[in-house]
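Each residue of the sequence shown is one higher than the last, beginning at 1 in the UniProt record's numbering.
Backbone N, C-alpha and C define an ideal beta-carbon position, used for all residues, glycine too.
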Amino acid sequence: MTEFNIDTSLALSDGEGSSKRVDSNKYIVLHETTNNGAWNNAHNEKVNWATQEAYVQYIIGDGGKIYSVGSEGYQAWGAGSYVNANSPVQIELARTDDEATFKKDYATYVEFARSKAKQFGIPCVLDESGNGVKTHYWVSKNIWGNHTDPVQSYLLPHWGITQEQLAHDIANGLDGDGSSFKPVTPITPQVSRDVVTIQGGPATGIAGWNSKGEIIKGSNSTFVNGTSWKANHIQLVNGLPMYQVSTDEFIPKKYTDQAGIITINAIAGVDAVNSKGEKWNNSSTTFSDMSKWQSLDNGCKVINNRLCFQVSTDQFIDAFYTIGGGNK
Ligand SMILES: [Zn+2]
1 MTEFNIDTSL ALSDGEGSSK RVDSNKYIVL HETTNNGAWN NAHNEKVNWA
51 TQEAYVQYII GDGGKIYSVG SEGYQAWGAG SYVNANSPVQ IELARTDDEA
101 TFKKDYATYV EFARSKAKQF GIPCVLDESG NGVKTHYWVS KNIWGNHTDP
151 VQSYLLPHWG ITQEQLAHDI ANGLDGDGSS FKPVTPITPQ VSRDVVTIQG
201 GPATGIAGWN SKGEIIKGSN STFVNGTSWK ANHIQLVNGL PMYQVSTDEF
251 IPKKYTDQAG IITINAIAGV DAVNSKGEKW NNSSTTFSDM SKWQSLDNGC
301 KVINNRLCFQ VSTDQFIDAF YTIGGGNK
């Protein structure tokens, strides 16, 4: 087995973190930190575990370094109570903007996850049913939560690594043929901040609506799957969030690439608010530019006359600061 150098200088001491052992060894959970640097993220978890109530066993980054925080085999606080109780190891990948650093980080992340899976008798299979290696996004979809890391939030938008690529690498490793690992140059996002693409609609196309909530006859032949539209505003029409695509024409969010999610559209990130409109201070580091969050249409709420999308029980994001919301 590959030997890994683990830096334990930021590990939680006896008496810090959860004292509960895991109930079973079902999952290895993969996360990303949402901000740059492994040491500072590990340090943050070490210093703040008691108040921030989030930490994992290992954080990888800074050019392939591994920092331990929580103890493996004991519960971490990373993915909700059920998954925490059944995951002997959860691993966060720290972000970087440097390609050489990323290559080392990603290779270590994959190999270390595989090694821990083998150690705990967990299959090196990503996001299938049953035991295995799981992305936090899989956990959100299948068990609990609303995070989309690490693929949708970081690996794909920053480095072009798809879910399929990660699954392939977790299954096969990077030491074997290694050929699957071809990170693309960092994307200076060619993301258009005001464009949505229709998807998931019927083959005959989706209807456009006017602001009074009436169907615009014949518009479905225009709004067919795979076509992209400039949107400059989001509002509720018939109680559903819709993108304005021309003067008085709107298309439902649920038939676009933003269905069930929001993508933050604010260079400096955006602070969430609670249902009373009070800011969650410093949450903009979490709700960073281009990060994606699960948000269902029925969680929309007008707060202080602003349409907001729900991202957790009492956290809402102003629709203006999402793709297609109008922020330029
Ligand atoms: Zn996560």
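CB of residue i within 8 Å of CB of residue j, strictly
{"i": "Gln199", "j": "Thr256", "result": "yes"}
{"i": "Gly208", "j": "Asn265", "result": "no"}
{"i": "Ser68", "j": "Ala107", "result": "no"}
{"i": "Thr148", "j": "Trp293", "result": "yes"}
{"i": "Tyr137", "j": "Gln152", "result": "yes"}
{"i": "Thr322", "j": "Ile262", "result": "yes"}
{"i": "Asn41", "j": "Ala94", "result": "yes"}
{"i": "His31", "j": "Gly78", "result": "yes"}
{"i": "Val83", "j": "Ile143", "result": "yes"}
{"i": "Ser115", "j": "Val29", "result": "no"}
{"i": "Thr135", "j": "Pro123", "result": "no"}
{"i": "Glu92", "j": "Gly173", "result": "no"}
{"i": "Ala117", "j": "Asp23", "result": "no"}
{"i": "Gly64", "j": "Asp105", "result": "yes"}
Which listed residue (the options) has its alpha carbon closest to that of residue i
{"i": "Asp318", "options": "Gln235, Lys65 and Lys254", "result": "Gln235"}
{"i": "Glu278", "options": "Gly173, Asp7 and Asn304", "result": "Asn304"}
{"i": "Ala203", "options": "Ile216, Gly226, Lys217 and Asn210", "result": "Gly226"}
{"i": "Ile66", "options": "Thr197, Ile170 and Glu3", "result": "Glu3"}
{"i": "Gln90", "options": "Val133, Gly64 and Gly63", "result": "Val133"}
{"i": "Ser13", "options": "Ser312, Glu72 and Asn36", "result": "Glu72"}
{"i": "Asp194", "options": "Gly160, Asn35 and His233", "result": "His233"}
{"i": "Ser312", "options": "Val302, Phe320, Gln163 and Leu296", "result": "Leu296"}
{"i": "Asn36", "options": "Gln163, Ile59, Tyr55 and Ser283", "result": "Ile59"}
{"i": "Asn220", "options": "Lys212, Glu249 and Ser211", "result": "Glu249"}
{"i": "residue 381", "options": "Gly70, Ile161, Glu128 and Asp23", "result": "For the chain, the structure presents residues 1 to 328; residue 381 sits outside this window and is missing."}
{"i": "Lys20", "options": "Ser81, Ile161, Gly130 and Lys26", "result": "Ser81"}
{"i": "Ala259", "options": "Thr197, Asp105 and Glu214", "result": "Thr197"}
{"i": "Gly201", "options": "Asp98, Lys26, Lys254 and Phe320", "result": "Lys254"}
{"i": "Ser228", "options": "Lys212, Ser192, Lys217 and Glu214", "result": "Ser192"}
Whole-number beta carbon distance between residue j and residue i, since they are thought to touch under 8 Å
{"i": "Gly239", "j": "Phe223", "result": "Not a contact, Cβ separation roughly 20 Å."}
{"i": "Thr34", "j": "Ser291", "result": "7 Å"}
{"i": "Asn25", "j": "Gly121", "result": "6 Å"}
Cα-Cα separation, residue i to residue j
{"i": "Ala113", "j": "Thr51", "result": "28 Å"}
{"i": "Tyr109", "j": "Val47", "result": "23 Å"}
{"i": "Val125", "j": "Leu155", "result": "18 Å"}
{"i": "Leu166", "j": "Ala38", "result": "20 Å"}
{"i": "Gly299", "j": "Ile6", "result": "42 Å"}
{"i": "Pro252", "j": "Thr285", "result": "29 Å"}
{"i": "Lys230", "j": "Thr247", "result": "12 Å"}
{"i": "Ser18", "j": "Phe287", "result": "27 Å"}
{"i": "Trp49", "j": "Gly15", "result": "12 Å"}
{"i": "Pro241", "j": "Asn282", "result": "27 Å"}
{"i": "His43", "j": "Val237", "result": "46 Å"}
{"i": "His158", "j": "Tyr74", "result": "32 Å"}
{"i": "Thr96", "j": "Lys103", "result": "10 Å"}
{"i": "Gln244", "j": "Glu128", "result": "38 Å"}
{"i": "Asn327", "j": "Asp289", "result": "12 Å"}
{"i": "Glu53", "j": "Val139", "result": "18 Å"}
{"i": "Asn131", "j": "Phe320", "result": "40 Å"}
{"i": "His168", "j": "Asp314", "result": "37 Å"}
{"i": "Asn146", "j": "Lys276", "result": "21 Å"}
{"i": "Gly218", "j": "Ala171", "result": "48 Å"}
{"i": "Asn210", "j": "Ile216", "result": "7 Å"}
{"i": "Glu164", "j": "Tyr27", "result": "19 Å"}
{"i": "His316", "j": "Lys141", "result": "The sequence shown places Phe at residue 316, not His. Between Phe316 and Lys141, the C-alpha separation is close to 19 Å."}
{"i": "Val302", "j": "Thr162", "result": "35 Å"}
Checklist entry - With contact counted as at least three CB pairs below 8 Å, one residue from each stretch, are the stretch 267 to 286 and the stretch 295 to 313 in contact? => result yes
Checklist entry - Residues near ligand 3, CB to any non-hydrogen atom under 5 Å, in chain order? => result As presented, the structure is devoid of ligand 3, carrying ligand 1 as its sole ligands.
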